[in-house]
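Enquirer: Could you have a look at this structure, given as structure tokens, before my questions?
Here is the structure:
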């Protein structure tokens, strides 16, 4: 079933990343990565759950315990926790708006896959705090959270405002939570968020449903090939966001025509590039006005040169989720080609770098990065029964839940 050598190397890297507190984001100490991160830890834990490996599933459980035991009294989830001394960060220049959703997704996924409900029952108060915090981050009760710059995984990129990827994570978290514990307020919020996403992130002929008046003219310039990356009061982001479009595909957000357009766009992009799909496309070049947003937004060193890091870089983790979405939509040939690219990239010097250069395809970023291995495992396991348990949409239902 699996590319045996590459798949087992990915499992081996996860084993190297195990600590008594859960999975660290990278095996080697660099740029604060040798810590238990909410985002990275949950994605790695999902890969562990799908693998069926008991020792890795135990590490996933410890990851979730570390995350929830260090929730801030106001509901923030940790950016990361040090396994050395328990020191906690809740974010650098801004907080992590995606972490409450990721935490609930991880806890629910663990419960659904293992059938062990102890942690789900234990952390119900914390789950409710996560959703209450996300409600407050709407600021206006209109069902979309406002994400600060540096507030999600692409923390050195340009986006801020109503970013689609973060809305989708919140929706997925609510759907998974609702699978486990019926809550009328959650069900209402699921419907409201879904309706708002469909009305505001695709160029459409119903401007009366727009989130705000500025979208009436801005959406005229949006693509009809893929979901809009996001918007704020001053602009829309017209770049292709791989993560958002991937999660929209397997959460069942789009109708048949929208899904067709996205899949066609991704297929054409792969045919053109013959590589992993960039997380954001096209690349921001040195003479583009958006480069001004990139130049000073970094923690350790400027990494977003053209085709590097978030700016056109290639990330195995998000391509792993893409393979899952492609398989779900029966694009198995393309899924297999991209899976092969994931294994080929991860195998370069056997380093599992976090990302790769968008044109040279050379490794960049932190080596021995756990979620690069997780991307390969998720991609390989995307058709198994455990993966189905964490989905909240049946393709035959048309528009999802």
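In my numbering, the protein residues as written are 741 to 1141.
Don't be surprised by glycine CBs; every beta carbon is placed ideally from N, CA and C.
For clarity, every value in this text was computed on a predicted model and none was experimentally measured.
(1) What runs of the alpha helix (DSSP H), each 4 residues or longer, lie entirely inside the segment 787 to 846?
(2) Could you give the C-beta distance for residue 943 and residue 917, rounded to a whole number, given that I count them as a contact under 8 angstroms?
(3) Taking residue 1042 as the reference, which of 1105, 774, 981, 818 has the closest Cα?
(4) Could you give the DSSP three-state label for residue 1008: helix, strand or coil?
(5) Candidates 807, 797, 792, 744: which alpha carbon is nearest residue 775's?
(6) Leaving out five residues on either side along the sequence, give the residues of the same chain with a beta carbon under 7 angstroms from the beta carbon of residue 1018.
(7) Could you please give the first and the last residue of the uninterrupted beta strand (DSSP E) stretch that includes residue 975?
(8) Counting only runs that start and end within the segment 898 to 977, where is the beta strand (DSSP E) found for 3 or more residues in a row?
(9) Just confirm the distance between the C-beta atoms of residue 1112 and residue 1056, as a whole number of angstroms; I'd bet it's less than 8 angstroms.
(10) When burial is assigned at 16 or more other CB atoms within 10 Å of the CB, is residue 839 buried or exposed?
(11) From residue 886 to residue 964, what distance separates their C-alpha atoms?
(12) Which class does residue 1141 belong to by DSSP, given the choice of helix, strand or coil?
(13) Between residue 977 and the rest of its own chain, which residues show a CB-CB distance below 6 angstroms, the 5 nearest in sequence each way excluded?
(14) When the Cα of residue 875 is compared with those of 848, 1013, 845, 907, which residue comes out closest?
(15) Does the beta-carbon of residue 1138 have 16 or more other beta-carbons within 10 angstroms, so that it is buried, or is it exposed?
(16) Sort 1110, 889, 922, 883 by Cα distance to residue 1147 and report the nearest one.
(17) Using the rule of at least 16 other Cβ atoms within 10 Å of the residue's Cβ for burial, across every protein chain shown, is residue 1044 buried or exposed?
(18) For a test of the three-state rule: what should DSSP assign to residue 757, helix, strand or coil?
(19) First and last residue of the alpha helix (DSSP H) that includes residue 1084?
(20) Between the segment 786 to 803 and the segment 853 to 865, do at least 3 Cβ pairs fall closer than 8 angstroms?
(21) Using DSSP bridges, identify the partner residues of residue 777.
(22) For the alpha helix (DSSP H) that contains residue 1036, what are its first and last residues?
(23) Given residue 893, which residues of its chain have a CB within under 7 angstroms of its CB, disregarding the five upstream and five downstream residues?
(24) Count the other C-beta atoms from every protein chain shown that fall within 10 angstroms of the C-beta of residue 1036, then say buried if there are 16 or more, exposed otherwise.
(25) For residue 812, which residues in the same chain have their Cβ closer than 7 angstroms to its Cβ, ignoring the five residues on either side in sequence?
(26) Would you report the Cα separation of residue 1141 and residue 901, rounded to the nearest angstrom?
(27) How should residue 974 be labelled, buried or exposed, when 16 other C-beta atoms within 10 angstroms of its C-beta is the threshold for buried?
(28) If I measure Cβ to Cβ from residue 1001 and keep anything under 8 angstroms in the same chain, skipping five residues before and after, which residues do I get?
(29) If I measure Cβ to Cβ from residue 1065 and keep anything under 7 angstroms in the same chain, skipping five residues before and after, which residues do I get?
(30) CB-CB under 7 angstroms to residue 1015, same chain, minus the five flanking residues each way: which ones, in chain order?
(31) Taking only three categories from DSSP, how would you classify residue 1044?
(32) Are the segment 918 to 929 and the segment 994 to 1011 touching by the rule of at least three beta carbon pairs closer than 8 angstroms?
(33) Once you ignore the five residues that flank residue 1058 on each side, which residues in its own chain have a CB closer than 6 angstroms to its CB?
(34) With 16 as the cutoff for other CB atoms within 10 Å, does residue 757 come out buried or exposed?
(35) The alpha helix (DSSP H) with residue 859 in it runs from where to where?
(36) What whole-angstrom Cβ distance do residue 1109 and residue 1096 have, given they're in contact under 8 angstroms?
Expert: In terms of the structure at hand:
(1) 794 to 809
(2) Here the question's residue 943 lines up with position 203 in the chain shown. Here the question's residue 917 lines up with position 177 in the chain shown. Not really, about 31 angstroms apart at Cβ, beyond 8 angstroms.
(3) The count along the chain shown starts at 1 and reaches residue 1042 at position 302. The candidate whose alpha carbon is nearest that of residue 1042 is 1105.
(4) In the chain shown, residue 1008 corresponds to position 268, counting from 1. Residue 1008 falls in the helix class under three-state DSSP.
(5) If you number the chain shown from 1, residue 775 lands on position 35. Ranking the options by Cα distance to residue 775, first place goes to 807.
(6) Locating residue 1018 in the chain shown gives position 278, counting from the first residue. Answer for residue 1018: 982, 1052, 1053, 1054, 1098, listed in chain order.
(7) Counted from its first residue, the chain shown places residue 975 at position 235. It spans 975 to 977 - the beta strand (DSSP E) in which residue 975 sits, taken as one unbroken run.
(8) 970 to 972, 975 to 977
(9) Along the chain shown, one-based indexing puts residue 1112 at 372. Along the chain shown, one-based indexing puts residue 1056 at 316. Yes, they are in contact, since the Cβ atoms of residue 1112 and residue 1056 sit about 4 angstroms apart, within 8 angstroms.
(10) Taking the chain shown and counting its residues from 1, the one referred to as residue 839 is at position 99. Counting Cβ neighbours within 10 Å, residue 839 comes out buried, since at least 16 surround it.
(11) The sequence position of residue 886 within the chain shown is 146, counting from 1. The sequence position of residue 964 within the chain shown is 224, counting from 1. Approximately 24 angstroms between the Cα atoms of the pair.
(12) Mapped onto the chain shown, residue 1141 falls at position 401. At residue 1141, the pLDDT of 38 sits below 50, so the modelled position is not reliable and the matter cannot be decided from this model.
(13) Here residue 977 refers to the residue found at position 237 of the chain shown. Around residue 977: 899, 969, 970.
(14) Along the chain shown, read from residue 1 onward, the residue named residue 875 stands at position 135. Of the listed residues, the one whose Cα sits closest to residue 875 is 907.
(15) Position 398 of the chain shown, counted from the start, is the residue given in the question as residue 1138. Its pLDDT being 38, under 50, residue 1138 is placed unreliably by the model, and nothing is read from it.
(16) Since the first residue shown for the chain is 741 and the last is 1141, residue 1147 is missing from the structure and cannot be characterised.
(17) One-based indexing of the chain shown puts residue 1044 at position 304. Per the 10 Å Cβ criterion, buried.
(18) In the chain shown, counting from the first residue as 1, residue 757 sits at position 17. DSSP places residue 757 in coil when its eight states are reduced to three.
(19) Taking the first residue of the chain shown as 1, we reach residue 1084 at position 344. Looking at the DSSP string, the run of the alpha helix (DSSP H) that includes residue 1084 is 1072 to 1086.
(20) yes
(21) Position 37 of the chain shown holds residue 777. For residue 777, which the question treats as bridged, DSSP gives the partners 820.
(22) Against the chain shown, residue 1036 aligns to sequence position 296. Where residue 1036 is concerned, there is no enclosing alpha helix (DSSP H), given that its DSSP letter is neither H nor E.
(23) Translated into positions along the chain shown, residue 893 becomes position 153. Within the same chain, residue 893 has close Cβ partners 779, 838.
(24) Residue mapping note: residue 1036 aligns to position 296 of the chain shown, counting from 1. Classification for residue 1036: exposed.
(25) In the chain shown, residue 812 corresponds to position 72, counting from 1. Here the set comprises 830.
(26) Within the chain shown, numbered from 1, the residue matching residue 1141 stands at position 401. Within the chain shown, numbered from 1, the residue matching residue 901 stands at position 161. Bear in mind that the predicted position of residue 1141 carries a pLDDT of just 38, short of 50, making it unreliable; the figure below should be weighed with that in mind. Those two C-alpha atoms are separated by around 26 angstroms.
(27) Start at 1 with the first residue of the chain shown, and residue 974 comes out as number 234. The residue in question, residue 974, is exposed, as its Cβ has fewer than 16 Cβ neighbours within 10 Å.
(28) Position 261 of the chain shown, counting from 1, holds the residue named residue 1001. These residues qualify, in order along the chain: 964, 965, 966.
(29) Position 325 of the chain shown holds residue 1065. Counting only Cβ-Cβ distances below 7 angstroms, and skipping sequence neighbours, we find 986, 989, 990.
(30) Counted from its first residue, the chain shown places residue 1015 at position 275. Cβ within range, chain order: 1054, 1081, 1101.
(31) Position 304 of the chain shown, counted from the first residue, corresponds to residue 1044. Note: residue 1044 maps to coil in three-state DSSP.
(32) no
(33) Position 318 of the chain shown, counted from the start, is the residue given in the question as residue 1058. Here the set comprises 982, 983, 1019.
(34) Position 17 of the chain shown, counting from 1, holds the residue named residue 757. With 16 or more Cβ atoms within 10 Å of its Cβ, residue 757 is classed as buried.
(35) Along the chain shown, one-based indexing puts residue 859 at 119. 858 to 862 is the extent of the alpha helix (DSSP H) around residue 859.
(36) Taking the chain shown and counting its residues from 1, the one referred to as residue 1109 is at position 369. Taking the chain shown and counting its residues from 1, the one referred to as residue 1096 is at position 356. Not really, about 11 angstroms apart at Cβ, beyond 8 angstroms.
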